[in-house]
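*Asks:*
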Amino acid sequence: GQQLNQSPQSMFIQEGEDVSMNCTSSSIFNTWLWYKQDPGEGPVLLIALYKAGELTSNGRLTAQFGITRKDSFLNISASIPSDVGIYFCAGRGANDYKLSFGAGTTVTVRA
Amino acid sequence: DGGITQSPKYLFRKEGQNVTLSCEQNLNHDAMYWYRQDPGQGLRLIYYSQIVNDFQKGDIAEGYSVSREKKESFPLTVTSAQKNPTAFYLCASSGVLNQPQHFGDGTRLSIL
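Heads up: the protein sequence lines correspond to chains A and B, in order. Using this note's numbering, the first residue of the first sequence is number 962, and each one after it goes up by one. Using this note's numbering, the first residue of the second sequence is number 333, and each one after it goes up by one.
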């Protein structure tokens, strides 16, 4: 699979802040997934998106499937210390069984 | 509880040695996957399996081998041909190939 372009690579955020990260692809996807990985553990699925323009929330997390089908965004509202971790995007094309992953966004929260 | 169990959590390999990483799932998923994770990089697919007794190479299969004799089990062997085996290895499964993948907690492999 291709490597997705995920940004920012890392971020320091103040507790209570809203933050955003995004992922872009050079090809069209029909599935976007967002995962969170805590140190020494496996990634946990946060949100799955299946349609262009789709906006889906999971608690304080909101993700969107870009209209161009080549990008996706994840927003975290009102950050708390347990939001620390690495967030990965992953995507899949229409006729592709393989997931392509971004390199991750490392989030550190200042208390 | 349903889930994916990887063992051991930490593994050390000597030069010239083959080691096997275990992955077991009780989610009744047909598809299983092995990924390698290196610092600052996305996950890279090593092997995947759609069904029992069938598996396919991923993007970085050289130096690795797998078997799928049972639906719930998908062990990965890191052979001596893999010259840079130090990494975090993640096993995943999904109902079928195009459904979201769920991950185990990983095995960290290091060289002695």
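Yeah, the Cβ is synthetic: ideal placement off N, Cα and C, and Gly gets one too. Fair warning: this is a prediction, and the values are worked out from it, not measured in the lab.
Out of B:Y380, B:Y367, B:I378, B:G427, which has the shortest C-alpha to C-alpha gap to G1003 (chain A)?
*Replies:* Residue mapping note: residue 1003 (chain A) aligns to position 42 of the first sequence, counting from 1. Comparing Cα positions, the closest option is B:Y367.
*Asks:* Starting from E401 (chain B), follow its DSSP beta bridges and name the residues at the other end.
*Replies:* Numbered from 1 along the second sequence, position 69 holds the residue referred to as residue 401 (chain B). DSSP, once it has assigned bridges, lists no residue as partnering E401 (chain B).
*Asks:* So, do the region 351-361 of chain B and the region 989-1009 of chain A have three or more beta carbon pairs nearer to each other than 8 Å?
*Replies:* Segments in contact, no.
*Asks:* Closest to I1008 (chain A) by C-alpha separation, out of A:Q964, A:K1059, A:F1034, would be which residue?
*Replies:* Taking the first sequence and counting its residues from 1, the one referred to as residue 1008 (chain A) is at position 47. Considering only alpha carbons, the answer is A:F1034.
*Asks:* Whose C-alpha, out of B:T411, B:E356, B:P340, is nearest the C-alpha of K346 (chain B)?
*Replies:* Against the second sequence, residue 346 (chain B) aligns to sequence position 14. Ranking the options by Cα distance to K346 (chain B), first place goes to B:T411.
*Asks:* Going by the CB atoms, is the gap between Q975 (chain A) and R1071 (chain A) shorter than 7 Å?
*Replies:* Walking along the first sequence from the start, residue 1071 (chain A) turns up at place 110. Walking along the first sequence from the start, residue 975 (chain A) turns up at place 14. Result yes, Cβ atoms of R1071 (chain A) and Q975 (chain A) sit closer than 7 Å.
*Asks:* How do the region 1023-1039 of chain A and the region 369-380 of chain B stand: do at least 3 beta-carbon pairs fall below 8 Å, yes or no?
*Replies:* Contact between the region 1023-1039 of chain A and the region 369-380 of chain B is absent, because fewer than three Cβ pairs lie under 8 Å.
*Asks:* Thinking just about the alpha-carbon of each residue, which of A:Q1025, A:T1029, A:R1053, A:S1043 is nearest to the one in M982 (chain A)?
*Replies:* If you number the first sequence from 1, residue 982 (chain A) lands on position 21. Cα-wise, what sits closest to M982 (chain A) is A:Q1025.
*Asks:* Rounded to a whole number of angstroms, what is the C-alpha to C-alpha distance between F1062 (chain A) and Y342 (chain B)?
*Replies:* Your numbering for residue 1062 (chain A) matches position 101 in the first sequence. Your numbering for residue 342 (chain B) matches position 10 in the second sequence. Rounded to whole angstroms, F1062 (chain A) to Y342 (chain B) spans 24 Å at the Cα level.
*Asks:* Comparing alpha-carbon positions, which option in B:T439, B:A413, B:I443, B:P407 lies nearest S381 (chain B)?
*Replies:* Position 49 of the second sequence, counted from the start, is the residue given in the question as residue 381 (chain B). Measuring from the Cα of S381 (chain B), the nearest candidate turns out to be B:P407.
*Asks:* In chain order, what residues of the same chain have a beta carbon less than 8 Å from the beta carbon of N385 (chain B), not counting five sequence neighbours either side?
*Replies:* Working through the second sequence from its first residue, we reach residue 385 (chain B) at position 53. For N385 (chain B), where only same-chain residues beyond five positions count, the Cβ hits under 8 Å are R400, E401.
*Asks:* How about Y1058 (chain A): is its C-beta nearer than 7 Å to some C-beta of chain B?
*Replies:* As a working mapping, residue 1058 (chain A) is identified with position 97 in the first sequence. Yes, because at least one Cβ of chain B sits closer than 7 Å to the Cβ of Y1058 (chain A).
*Asks:* Could you name each continuous alpha helix (DSSP H) segment of 4 residues or more that falls completely within the region 1029-1061 of chain A, going from the start of the chain to the end?
*Replies:* Those alpha helix (DSSP H) runs which fall completely within the region 1029-1061 of chain A and span 4+ residues do not exist here.
*Asks:* Can D1044 (chain A) and V1068 (chain A) be called in contact, C-beta distance under 7 Å?
*Replies:* To locate residue 1044 (chain A), count along the first sequence from 1; it is residue 83. To locate residue 1068 (chain A), count along the first sequence from 1; it is residue 107. Cβ distance < 7 Å, so D1044 (chain A) and V1068 (chain A) count as in contact.
*Asks:* Nearest to L283 (chain B) by CA position, among B:Q414, B:F435, B:N430, B:V398, is which residue?
*Replies:* Outside the displayed range of chain B (333 to 444) lies residue 283 (chain B), so it cannot be described from this structure.
*Asks:* State the Cα-Cα distance for the pair R1053 (chain A) and G1065 (chain A), rounded to the nearest angstrom.
*Replies:* Counted from its first residue, the first sequence places residue 1053 (chain A) at position 92. Counted from its first residue, the first sequence places residue 1065 (chain A) at position 104. Each residue's alpha carbon lies about 17 Å from the other.
*Asks:* Quick check on A419 (chain B): does DSSP put it in helix, strand or coil?
*Replies:* Position 87 of the second sequence, counted from the first residue, corresponds to residue 419 (chain B). A419 (chain B): strand per DSSP, three-state reduction.
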